[in-house]
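The structure under discussion appears below in the form of structure tokens.
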Amino acid sequence: MPDESVSKFWTDLLHLPGFAVVHVREDEVCPRYVITVVPEHPVGVCPHCHRVTETVKQRRTRDGILDLPIGSHAVELTVRVGQFECPHCDRCFTPPIEFLAEGAHGTERLLGRVAELIRHSDVSNAARFFGVAEKTLEGWYYDYVARQQPDPDRTPTGPIRRIGIDELSLKNGTDSSSP
């Protein structure tokens with residue numbers, strides 16, 4: 018059983034909402050921390066019927082997830098997640114993990130820092146700094162930037178109030194196109 022104060026320290030340090038640190042290993046050869054995290058609450062909300070379930074069909078491990086470095090050490094996460102089976106609609110699902118970057122072996126916050134570094138330098142230097150292949154980081158970067166763009170289908174628009182009104186007639190109160 019891991020020391021709870023050590024686990025709490027690492028959980029607070031990483032600050033991954035909804036996840037707790039259960040194991041930390043320091044790699045001496047390549048200065049890095051390999052940290053295993055698990056969900057704090059083993060429940061999932063079915064994306065199909067929107068009901069809560071605790072029935073875990075199987076557990077999966079995503080390893081090699083890069084996160085921001087701590088001091089001079091790189092950080093590599095091992096994330097354990099459950100694949101849930103919904104007893105209400107008999108479907109299986111794996112809940113999304115908010116801090117993981119879609120399509121990348123990195124966290125969203127790591128890619129945010131990568132994007133910031135690339136804006137001040139270039140992909141080659143950022144790849145060298147984070148120890149990632151240049152082409153890999155380039156793909157992650159462009160996917161991250163695309164995810165940050167507002168979705169035009171989700172942008173709320175108000176109702177159209179006037180069409181073809183010039184501002185001068187609106188100011189003078191001679192708006193003849195009002196209903």
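Position in the sequence shown (first residue = 1) + 17 = the numbering used here. Even glycine gets a Cβ: it sits at the ideal position worked out from N, Cα and C.
Integer-rounded CB distance, given that His105 should sit under 8 Å from Pro48 = Contact doesn't hold; Cβ gap of about 48 Å is too wide.
Is Pro81 buried or exposed, if buried means 16 or more other CB atoms sit within 10 Å of its CB?
-> Checking the displayed sequence, the identity of residue 81 turns out to be Gly instead of Pro. It counts as exposed.
Unbroken beta strand (DSSP E) runs of length 3 or more, entirely within the stretch 55 to 133: which are they?
-> Counting only runs of 3 or more, we get 73 to 87 and 90 to 102.
Would you mind giving the Cβ-Cβ distance between Val140 and Glu155, rounded to the nearest angstrom? I have them listed as a contact below 8 Å.
-> Indeed they touch by this definition, with Cβ atoms about 5 Å apart.
Close-in-space but distant-in-sequence residues of the same chain around Leu134 (CB under 6 Å, 5 per side omitted) = Closer than 6 Å at Cβ, skipping near neighbours: Ala143.
For His38, count neighbouring C-beta atoms within 10 Å of its own C-beta (all shown protein chains included) and say buried if the count is 16 or more, exposed if not.
-> The sequence shown places Val at residue 38, rather than the His named in the question. It is buried - the Cβ of Val38 has at least 16 other Cβ atoms within 10 Å.
Cross-strand partners of Glu43 (DSSP beta bridge) = When beta bridges are read from the DSSP output, Glu43 appears opposite Tyr50.
Close Cβ partners of Pro112 (< 6 Å) along its chain, the five nearest in sequence each way excluded = If we look at Pro112 and ignore the five residues flanking it on each side, its Cβ neighbours are Gly61.
How is the alpha helix (DSSP H) around Gln165 delimited, first residue to last?
-> Its alpha helix (DSSP H) spans residues Glu151 to Gln165.
Rounded separation between Cys109 and Arg77 - CA only = One C-alpha to the other measures close to 13 Å.
Just tell me which of Gln100, Leu94 and Ser138 has its CA closest to the CA of Thr70.
-> Of the candidates Gln100, Leu94 and Ser138, the one whose C-alpha sits nearest the C-alpha of Thr70 is Gln100.
Taking just the CA atoms, how far does Val96 sit from Gly148?
-> Between Gly148 and Val96, the alpha-carbon positions lie close to 20 Å from each other.
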